[in-house]
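Residue numbers (this note's numbering), protein chains in the order written: chain U, 1 to 213; chain L, 214 to 426. C-beta: ideal position from N, C-alpha, C; glycine also. Note that the structure is a prediction, hence the values are computed from the model and not measured. A quick write-up on the structure given underneath.
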DNA sequence: TATTAAATGTGAATAATGGAACAATTTATG
DNA sequence: CATAAATTGTTCCATTATTCACATTTAATA
């Protein structure tokens with residue numbers, strides 16, 4: 001199998017979501033131009049991205065949505081939802097728990113939550129199971145959890161991540177501004193740094209303002 | 214002024230945060246190699262990035278942290294905090310409000326919140342001012358707000374963004390899975406798509422698993 | 001003081017990415 | 001049935017981004 005460049009994986013995963021939405025609306029066909037419009041990309045890019053994972057349509061006709069979904073699913077593994085957990089159930093963690101539980105789709109499914117504060121574990125009401133932090137490794141192993149959202153204070157981020165790695169996760173979504181290093185090879189980390197994004201926006205606005213002068 | 218490539222702005226804004234942390238710890242000097250380690254980048258990249266905005270040190274010596282901070286500040290505009298607002302005060306929005314208010318630093322400052330639900334506007338306790346959604350444009354203009362966090366339901370995202378644009382913001386941080394189009398040129402959009410990131414992680418883990426077979 | 005090690009600044013080479021062009025193919029239409 | 005319009009697959013090219021190499025400079029040390 002050829003290596004798929006990361007930006008392509010990135011965009012295709014969005015294409016997949018768009019296809020889901022279109023299908024919900026009863027739409028059966030879509031063109032690369034339409035997809036590009038939804039993505040904020042050119043039709044060229046869309047076709048080329050799809051080309052990386054194979055042949056999805058026939059020249060002259062639009063893409064068949066169901067077929068394209070199958071193709072992307074097969075290459076990106078969206079068939080079986082990956083079991084996921086949230087580590088850290090403070091205000092942001094709880095909000096993310098509620099938010100992610102409300103997302104109906106096939107790539108992941110939140111099945112457990114952890115917090116070092118026993119009170120929280122006992123008082124939060126949610127349909128999934130909650131555990132104290134010292135049970136992360138054990139629980140991740142037992143439930144075969146593959147992804148973890150790290151929503152703890154920055155100082156505890158690396159340790160929380162380590163426990164998840166020990167349990168055997170394959171991916172970490174880091175919500176702290178800390179750089180997390182996975183304990184083993186083959187574990188992917190993606191970071192959502194909210195204050196970082198705001199800083200970038202501030203900088204972008206500033207640098208272009210300057211440039212216009 | 215030369216145009217600074219986006220990836221460079223991106224990384225430099227993280228360098229800035231790292232410098233802040235090091236300075237808090239009383240550290241005065243740092244090398245490109247050390248910075249690279251914190252960033253997960255090579256020393257080469259760090260030096261080249263800094264090179265884009267000027268000369269920050271002298272060969273043979275490490276970078277002076279205070280001096281480098283000044284240089285980055287001057288080029289990325291981190292001197293005066295940009296006034297920012299949060300649109301949408303549901304569970305996630307409220308959590309983000311609390312989260313961002315707790316971040317002590319110079320690039321931005323949250324000064325207002327908006328929600329279409331009057332109840333929320335009246336019941337949430339926070340040190341900043343809250344307003345009903347119909348007052349977005351007016352308030353953004355009056356307070357000269359420059360950045361907006363969009364944390365509304367996906368269907369309302371574009372409209373909320375439009376109101377902010379009408380008010381005159383220069384940057385939007387979009388927390389919905391919708392693609393937001395800025396109403397005018399010169400307005401930057403960055404998106405944090407939580408479910409999207411989870412999908413990407415799921416895909417990354419999967420594609421490499423396949424590749425190892 | 002001479003030498004070695006460590007560090008930055010900077011130009012060149014390499015790699016990755018995005019965009020464009022166009023051939024091939026299908027559908028619609030007169 | 002023939003033609004035109006629309007659409008995909010695929011190759012090629014330009015641009016951008018990253019990595020490397022090395023000259024230069026400082027500080028430390030024997």
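I'd like to confirm the pairing. Which residues does DSSP put opposite residue i in its beta bridges?
i	result
residue 387 (chain L)	L:363 and L:404
residue 64 (chain U)	U:29
Contact criterion: CB-CB distance below 9 Å. Does residue i meet it with respect to chain L?
i	result
residue 64 (chain U)	no
residue 87 (chain U)	no
residue 193 (chain U)	yes
residue 210 (chain U)	A caution first: residue 210 (chain U) carries a pLDDT of 44, below 50, which makes its placement in the model too unreliable to give a value.
residue 76 (chain U)	yes
residue 32 (chain U)	no
residue 19 (chain U)	no
residue 16 (chain U)	yes
Output the boundary residues of the alpha helix (DSSP H) element that contains residue i.
i	result
residue 130 (chain U)	Taken as a continuous stretch (DSSP letters only), residue 130 (chain U) belongs to no alpha helix (DSSP H), being part of the beta strand (DSSP E) at 129-132.
residue 221 (chain L)	219-237
residue 142 (chain U)	136-143
residue 47 (chain U)	43-53
residue 103 (chain U)	Segment: none, residue 103 (chain U) is in no alpha helix (DSSP H) and carries neither H nor E.
residue 271 (chain L)	Counting along the chain, residue 271 (chain L) falls outside any alpha helix (DSSP H), and DSSP gives it neither H nor E.
residue 121 (chain U)	118-123
Go to residue i, then tell me how far its beta strand (DSSP E) extends in each direction, as first and last residue.
i	result
residue 326 (chain L)	321-328
residue 87 (chain U)	82-87
Are the C-beta atoms of residue i and some chain U residue less than 9 Å apart?
i	result
residue 392 (chain L)	yes
residue 313 (chain L)	yes
residue 297 (chain L)	yes
residue 327 (chain L)	no
residue 357 (chain L)	no
residue 283 (chain L)	no
residue 410 (chain L)	yes
residue 235 (chain L)	no
residue 316 (chain L)	yes
residue 225 (chain L)	yes
So with CB distances below 9 Å, who are the chain L contacts of residue i?
i	result
residue 135 (chain U)	Chain L residues near residue 135 (chain U): none, gap ~23 Å exceeds 9 Å.
residue 207 (chain U)	214, 216, 217, 222, 288, 289 and 290
residue 128 (chain U)	Ordered by position in chain L, no residue passes the 9 Å Cβ test against residue 128 (chain U), which lies about 15 Å from the chain.
So which residues of chain U does residue i contact, with C-beta pairs closer than 7 Å?
i	result
residue 333 (chain L)	What residue 333 (chain L) touches in chain U: nothing, since even the nearest Cβ is about 14 Å away.
residue 304 (chain L)	95 and 98
residue 360 (chain L)	198, 201 and 202
Quick one: measure Cβ to Cβ for residue i and residue j, integer angstroms, because I've assumed they're closer than 8 Å.
i	j	result
residue 226 (chain L)	residue 276 (chain L)	Actually they do not touch by this definition, with Cβ atoms about 16 Å apart.
residue 305 (chain L)	residue 339 (chain L)	At roughly 15 Å, the Cβ-Cβ gap does not stay under 8 Å, so residue 305 (chain L) and residue 339 (chain L) are not in contact.
residue 147 (chain U)	residue 411 (chain L)	6 Å
residue 17 (chain U)	residue 409 (chain L)	7 Å
residue 202 (chain U)	residue 291 (chain L)	7 Å
residue 258 (chain L)	residue 249 (chain L)	7 Å
At a CB-CB cut-off below 9 Å, which residues of chain U make contact with residue i?
i	result
residue 374 (chain L)	Within 9 Å Cβ-Cβ: nothing; residue 374 (chain L) doesn't reach chain U, min ~13 Å.
residue 321 (chain L)	195, 198, 199, 201 and 202
Could you work out which residues of chain L lie near residue i, taking near to mean beta carbons separated by less than 7 Å?
i	result
residue 204 (chain U)	222, 384 and 401
residue 54 (chain U)	Neighbours of residue 54 (chain U) on chain L: none; closest Cβ ~14 Å, over 7 Å.
Can you list the residues of chain L that residue i reaches, using a CB-CB cut of under 8 Å?
i	result
residue 39 (chain U)	392
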